[in-house]
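Peer 1:
Residue numbers (the working numbering), protein chains in the order written: chain A, 49 to 316; chain B, 49 to 316.
1) Buried or exposed: residue 289/A, going by 16 or more other Cβ atoms within 10 Å of its Cβ?
2) When the Cα atoms are used, what is the spatial distance from residue 54/A to residue 121/B?
3) Return the Cβ separation of residue 102/A and residue 70/A in integer angstroms, given the expectation that the two are a contact with Cβ distance under 8 Å.
4) If the cut-off is 7 Å on Cβ atoms, which residues from the segment 118-152 of chain B count as contacting chain A, listed in chain order?
5) Work out the CA separation of residue 273/A and residue 201/B for me, nearest whole Å.
6) For residue 172/B, count neighbouring Cβ atoms within 10 angstroms of its own Cβ and tell me buried if that reaches 16, exposed if not.
7) Since residue 202/A meets chain B, which of its residues come closer than 9 Å, beta carbon to beta carbon?
8) Between residue 67/B and chain A, is any beta-carbon pair separated by less than 9 Å?
9) At a CB-CB cut-off below 7 Å, which residues of chain A make contact with residue 103/B?
10) Where residue 245/B and residue 178/B are concerned, what is the direct C-alpha to C-alpha distance, given to the nearest angstrom?
11) Could you work out which residues of chain B lie near residue 259/A, taking near to mean beta carbons separated by less than 8 Å?
12) Between which residues of its own chain and residue 306/B is the CB-CB distance below 7 Å, once the five residues before and five after are set aside?
13) For residue 96/B, tell me which candidate among 76/A, 89/A, 125/A, 60/A has the shortest Cα-Cα distance.
14) So, using beta-carbon positions, are residue 234/B and residue 250/B closer together than 9 Å?
15) I'd like to know if residue 255/A contacts chain B, where contact means its C-beta is closer than 9 Å to some C-beta of that chain.
16) Near residue 253/B, what residues of its chain come up, given a Cβ to Cβ distance below 8 Å and the 5 sequence neighbours on each side ignored?
17) Answer yes or no: does any C-beta atom of chain A fall closer than 9 Å to that of residue 180/B?
18) Please tell me whether residue 235/B has its Cβ less than 9 Å away from any Cβ of chain A.
19) Once DSSP output is grouped into helix, strand and coil, what is the label at residue 328/B?
20) Give the residues of chain E in contact with residue 100/A, contact being defined as C-beta atoms less than 9 Å apart.
21) Closer than 8 Å by C-beta to residue 166/A: which residues in its own chain qualify, once you throw out the five before and the five after it? Chain order, please.
22) In or out: residue 112/A buried (at least 16 other Cβ within 10 Å) or exposed?
23) If you drop the 5 nearest sequence neighbours on each side, which residues of the same chain put their C-beta closer than 8 Å to that of residue 299/B?
24) CA-CA distance, residue 76/B and residue 56/A?
25) Return no unless some Cβ of chain B is closer than 9 Å to the Cβ of residue 107/A.
26) I'd like the ranges of any beta strand (DSSP E) spanning at least 3 consecutive residues and lying wholly in the segment 186-270 of chain B.
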């Protein structure tokens, strides 16, 4: 193979690592690609790591040994996280977002690729030690965020459905009461998508009473799957007592003041 | 600001461009970040572009002038596309995927971050001239793919719902017949999410009779939105006459042979 100089190697390694965050690439792959010695590649990776850290562009994890490799971790400094979350909180506090019933319109934020990947990267870093086998969410609004976390951690996404579909194959279904509106809902998961003994990281866009997230916990229990963690983008302050308490959130929605047309939301 | 050497600049520019594909960054931003002259940064970008192209890692687009900037385009060579799509076709042709009724189980593929971003990047490159204002899809299975395309093109995603939700605000709803099972379905879109006169790129995971995609076309017409293109991952060969004909697909599902337990699927 053709030899490549350092700036070429560093550009391509950055590109490969970043296009699949969380995915492990063997050092040998890079050695072959560039006709470079292992020591040279190790040095490149060390330089790249320092550079990324210095410019707050994430981190690289190197795992030595047979099953090891190099992977990109989209983890940022507390300052950068705070900047990102404050920016999103400000966007969400626009009073024109108030909907009838004290809800707020968040759909655009959870469908914006930049906001989604920023929030997802932060959530992924909160659960960097959770070691999940898959990311679980309930359709629909949380799907982009959950996919972002799945991407950041390089794990499959498992979407539970409100209604079982024929294209899901056999499913396990539970009924539950929603936390806020006290209606009976159904939640189904494809049996093929998961196995007993696995670990799930639950991700959702929003938690209020916690009904649907709690149902996901129950569904996992039904399938003998351990919940390795639960992360949401926005947690409503009230009700104070939710159906789940072991969750982490990025933003707290304190209050939607219908009378004065004010939304109070801030990073946790 | 501190001066940075070429390998540092190239690493960080690669990282910034790749973490937001399709997003334009001004050259001045990089000049300030690295204390570099414009001519130096232009040279870096030119080197990076040649390097990415050489290693089939995508492309960089440079738009000169006031509103201009530099952006990363995840576009790959025909060979790489073919490799990616053949690999996915092979995964999908596993006979254990056959479901009752001649459906095939594809959920895992459309929830795998690597497959999703690969397919999404290819779809985005097929529509690189479509210039959409947003990416539209119908819940649920197509959402990850549509988000991937939205990410590749740096455009917002707009998800139409089967049932209007209070958190969507005011909606426009249409009723339609599904192409294959001839049932009446409903499709709703948030009025806040779109504006008359915009251009939509419709993305879905699968097209069979074309009922739901056709309904999306109708919904766009209702809102005076131009459909700039329509892309799906998998198109079933039959029915030959679908409710839409102007779509592009990545894979053709020729046949699900229930008797011989065989799935015939290949890149278009």
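Each residue gets a CB set at the ideal place from its N, CA and C atoms; glycine is no exception.
Peer 2: Working from what's here:
1) exposed
2) 23 Å
3) About 22 Å separates the two Cβ atoms, so there is no contact after all.
4) 147, 149, 151
5) 37 Å
6) buried
7) 161, 162
8) yes
9) 60
10) 15 Å
11) Neighbours of residue 259/A on chain B: none; closest Cβ ~15 Å, over 8 Å.
12) 146, 150
13) 60/A
14) no
15) no
16) 154, 158, 189, 190, 193, 280, 281, 282
17) no
18) no
19) Chain B is shown only over 49 to 316; residue 328/B falls outside these bounds and no answer can be derived.
20) Checking the listed chains, one finds no chain E in this structure; the protein chains it contains are A and B.
21) 132, 136
22) exposed
23) 133, 136, 137, 140, 281, 282, 283, 313, 314, 315, 316
24) 23 Å
25) no
26) 205-208, 219-225, 232-238, 247-255
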